[in-house]
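Offset between the sequence shown (1-based) and my numbering: plus 1349. For every residue, glycine included, the Cβ atom is placed at its ideal position computed from N, Cα and C.
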Amino acid sequence: MLFISGQILYITFLVGMFLLGLLLNYMCSGDTVVRVKQGYLEGSKLTLRNGKVVTRFTNVPYALPPVGERRFKDPEPIKYWPGVWNATSDKGLKCMQYRHVPGGGNVAGGQEDCLYLFIYTPWLPDKKQLLSDHKLMDVIVYIHGGAFMFGGGSMYQPLSLLEDHDVVFVSLNYRLGPLGFLSTGDDVVPGNMGLKDQTQALQWIQENIAQFGGSPDSVTITGTSAGGASVHFHLLSPKPRGLFHRAISMSGTMLSPWTIAEQLPNKTKLIAQHLGCPVTCNEAIVDCLRSRPALMIAEAVRLTQPFLYNPFSPWGPTVDGFSNDPVLPDYPAELIKQGRVVNVPWLNSVTTAEGLYPGAEFLGSDTFMKTIDENWIKLAPHILDFNFTVADNLKQEVAAKIRYQYMNNTPISRANHKPFIQIISDRMFNVDAERSSRFHSELKLKSHPVYFYEFNFRGRYSLSDAFSRSFTNYGVAHADDTNYVLQFNPEVLLNTTVEEQNMLNFMGTLWTTFARTGKPSIGPWTPVSPNAFNYLRIESAHEYSMKCNVPEIGSRSFWDSLPFDEKNIWTARYPIKDLDKSDGLNYISDSEYECKEFSSVQTNRTL
1350 MLFISGQILY
1360 ITFLVGMFLL
1370 GLLLNYMCSG
1380 DTVVRVKQGY
1390 LEGSKLTLRN
1400 GKVVTRFTNV
1410 PYALPPVGER
1420 RFKDPEPIKY
1430 WPGVWNATSD
1440 KGLKCMQYRH
1450 VPGGGNVAGG
1460 QEDCLYLFIY
1470 TPWLPDKKQL
1480 LSDHKLMDVI
1490 VYIHGGAFMF
1500 GGGSMYQPLS
1510 LLEDHDVVFV
1520 SLNYRLGPLG
1530 FLSTGDDVVP
1540 GNMGLKDQTQ
1550 ALQWIQENIA
1560 QFGGSPDSVT
1570 ITGTSAGGAS
1580 VHFHLLSPKP
1590 RGLFHRAISM
1600 SGTMLSPWTI
1610 AEQLPNKTKL
1620 IAQHLGCPVT
1630 CNEAIVDCLR
1640 SRPALMIAEA
1650 VRLTQPFLYN
1660 PFSPWGPTVD
1670 GFSNDPVLPD
1680 YPAELIKQGR
1690 VVNVPWLNSV
1700 TTAEGLYPGA
1710 EFLGSDTFMK
1720 TIDENWIKLA
1730 PHILDFNFTV
1740 ADNLKQEVAA
1750 KIRYQYMNNT
1760 PISRANHKPF
1770 IQIISDRMFN
1780 VDAERSSRFH
1790 SELKLKSHPV
1800 YFYEFNFRGR
1810 YSLSDAFSRS
1820 FTNYGVAHAD
1830 DTNYVLQFNP
1840 EVLLNTTVEE
1850 QNMLNFMGTL
1860 WTTFARTGKP
1870 SIGPWTPVSP
1880 NAFNYLRIES
1890 AHEYSMKCNV
1900 PEIGSRSFWD
1910 SLPFDEKNIW
1920 TARYPIKDLD
1930 KSDGLNYISD
1940 SEYECKEFSS
1950 VQTNRTL
């Protein structure tokens, strides 16, 4: 009797599976459904300005939710989901974060279950044809910025990029703030969870992107600010090798002074104490923090930002060479020195007024500017992120030297904002963008050329508008170039001026050509050389020029004269690795570094 019952159950199971298969085939017969390694995904159609239709997939999981016991742990790959995953939402989920919201508001929000991708494709392979029947497209992966503290992948949409270019675009979420970068300084929680999330996302893309028409053999990783620094991290980490083939960093590298977070174990104890957890045993600290609401952990970030969200990146990457499985085994400069880099083409950049983040927020209030002016000695270490890298007895002297160098002790005010913004630009972005490019160029590898541009086009909209709460033209702000490739402000696509539309075309072509060939589409664009800084200055889509043999940008010599802890690492003259070429690698010859200045006016060349 039991045997018969077992047979009936087995037959019932088979019939059920057959019916489920029929149901799935019916449900998945639409042209917005794909099958990936983990199951089925249903996307939605999106019509662009020019009438082109693309398919969008939102909130696609690439790892298990990092909640409960998985909080503060490495991401775990998601193996399977039942049925058809609904990826049609217009609302992109964001990771839990302490949001930088000018003017107040609910500063903590998001959700802990947040490890999702956002995928756009102009072509889905027909389920009845082989993928080889259609050439797979280049893939562009975007890592969002936000100082490793806030933001989300869904904020950036490739609306203009896909109008004229057939590429597969993917953006991603990763854990932020203490939920993504808390560290006990040992193997209890080594840290860098947010960076490990990014690597897991790249692994998912390798396994599945062909199902969206993308080539796993042509993946370009891109990012702005903390996203640009993240791209640089992937160039230095042993983990993501083979997962990408070209790299673009905009307004951020791993040498920027805000990227390597200092004193993370002490900050971890500070939050633990605030939330009523023990502080004497790392295991007990972490067990207790896992029991606390994620929102409370996010809100506790304010304890590590003494002045108006500054320092703006108190939680971020850390050197984890002590770990059993490190992802950043040494300081970034040391990894470059040792030649431990991923040998792919790298495009690096800055804008001409980078310091408008966070400077535009100060400019939005006379009170803020007056506070900074009157308390410069006290606030400069936080605004310029040297509170932990300059000895206590030298901080006052360093702050005074900086102010005198740039402002000659004139007031810090709206009327006198340009030198103040230049201080932030040079310290936080410019100097180390140049430095990182030079250091990588010293390797002289043909497979790893380094290109650089400076962006100086100001359209109607700027990131500084949001932070200053005005439409005052303070200059070309941090991340303004990103908005001409990916729209964090879709209004830029409404009633565009001729100049703005030309810049949208220019930047889109620059990105997609680099993604396809590893070389910028504007020529002759000479890469950065070990002995000369060469870069392209972009004024508009029709006005750009090559600058050759520039001694330095960002007053690097002045900043190198200050007693920062990082000084000895940054200013060391690195020996070029294996100059005898005995390692079989293909090196760039000196003649290939010969730079010829040109301008678009002289060449009459436009994209």
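Contact set for LEU1371: own chain, Cβ-Cβ below 7 Å, skip 5 residues either direction: Low confidence applies to LEU1371: its pLDDT is 32, below 50, so where it sits in the model is not reliable, and the reading given next is rough at best. Cβ neighbours of LEU1371 beyond the five flanking positions: none.
Residues bridged to ASN1541 (per DSSP): DSSP lists no partner for ASN1541.
As assigned by DSSP and simplified to three states, the class of VAL1841: helix
As assigned by DSSP and simplified to three states, the class of ALA1610: coil
For ASP1939, the three-state DSSP class (helix, strand or coil): Three-state DSSP puts ASP1939 in a helix.
Span of the beta strand (DSSP E) around ILE1468: 1465-1470
Selection from GLY1392, SER1790, GLU1648, ILE1721 that minimises the alpha carbon distance to GLY1459: GLU1648
Simplified DSSP assignment, three categories, for GLU1512: helix
Euclidean distance between Cα positions of ASP1854 and ASN1631: It should be noted that the sequence gives Asn, not Asp, for residue 1854. Rounded to whole angstroms, ASN1854 to ASN1631 spans 52 Å at the Cα level.
Extent of the continuous beta strand (DSSP E) to which ALA1596 belongs: 1595-1599
Beta-carbon proximity list for GLU1888, same chain, < 6 Å, skipping 5 on both sides: ASN1805
Contact set for PRO1924: own chain, Cβ-Cβ below 6 Å, skip 5 residues either direction: Low confidence applies to PRO1924: its pLDDT is 38, below 50, so where it sits in the model is not reliable enough to give any reading.
Local Cβ density within 10 Å of ALA1457, reported as buried at 16 or more and exposed below that: Under this definition ALA1457 is a buried residue.
Those residues which DSSP pairs with SER1804 across a bridge: It is worth fixing the name first, because residue 1804 is Phe in this sequence and not Ser. Looking at the DSSP assignment, PHE1804 forms a beta bridge with THR1700, ILE1887.
Neighbourhood of CYS1968 by C-beta, 6 Å cutoff - its chain only, sequence neighbours within 5 removed: Lying before the first or after the last residue shown, residue 1968 is absent from the chain, which here runs from 1350 to 1956.
Three CB pairs or more closer than 8 Å across the stretch 1543-1563 and the stretch 1850-1866: no
Assumed close pair PHE1582, PRO1666 - CB separation to whole angstroms, cut-off 8 Å: 6 Å
Between the CA atoms of SER1600 and SER1762 - distance to the nearest angstrom: 25 Å
Residue from ASP1669, ARG1787, SER1574, LEU1696 with nearest C-alpha to ALA1596: LEU1696
Coarse secondary structure for ASN1779, derived from DSSP in three states: helix
DSSP three-state assignment for ILE1871, whether helix, strand or coil: Secondary structure at ILE1871: coil, using DSSP grouped into helix, strand and coil.
Residue from GLU1710, PRO1660, LEU1585 with nearest C-alpha to VAL1693: When only C-alpha atoms are compared, the closest one is LEU1585.
Cβ pair TRP1607, ALA1709 closer than 8 Å: no
CA-to-CA distance, THR1569 to GLU1946, given in whole angstroms: Approximately 28 Å between the Cα atoms of the pair.
Extent of the continuous alpha helix (DSSP H) to which PRO1527 belongs: Per DSSP, the unbroken alpha helix (DSSP H) holding PRO1527 starts and ends at 1526-1530.
Per-residue DSSP class, three states only, for ALA1496: coil
Check whether LEU1619 and LEU1652 have beta carbons under 8 Å apart: Their beta carbons are under 8 Å apart, which means LEU1619 touches LEU1652 by this criterion.
Local Cβ density within 10 Å of LEU1390, reported as buried at 16 or more and exposed below that: buried
DSSP-derived helix/strand/coil call for TRP1919: Any reading at TRP1919 needs caution, since the residue's pLDDT is 46, under 50, leaving its predicted position unreliable; the model's value is listed next. Correct three-state label for TRP1919: helix.
Rounded C-alpha distance that separates PHE1661 from ASP1734: 8 Å
Beta carbon proximity, GLY1441 to chain C, threshold 8 Å: Absence of chain C from the displayed structure is noted, only one protein chain being present.
Element boundaries [alpha helix (DSSP H), containing ASP1814]: 1812-1817
Opposing strand residues paired with ALA1457 [DSSP bridges]: TYR1447
Buried versus exposed, by CB contacts within 10 Å (16 or more), GLY1872: exposed
Same chain, Cβ closer than 6 Å to LEU1551, neighbours up to 5 away in sequence not counted: Contacts found: PRO1589, LEU1592.
DSSP state of TYR1706 mapped onto helix, strand, coil: helix
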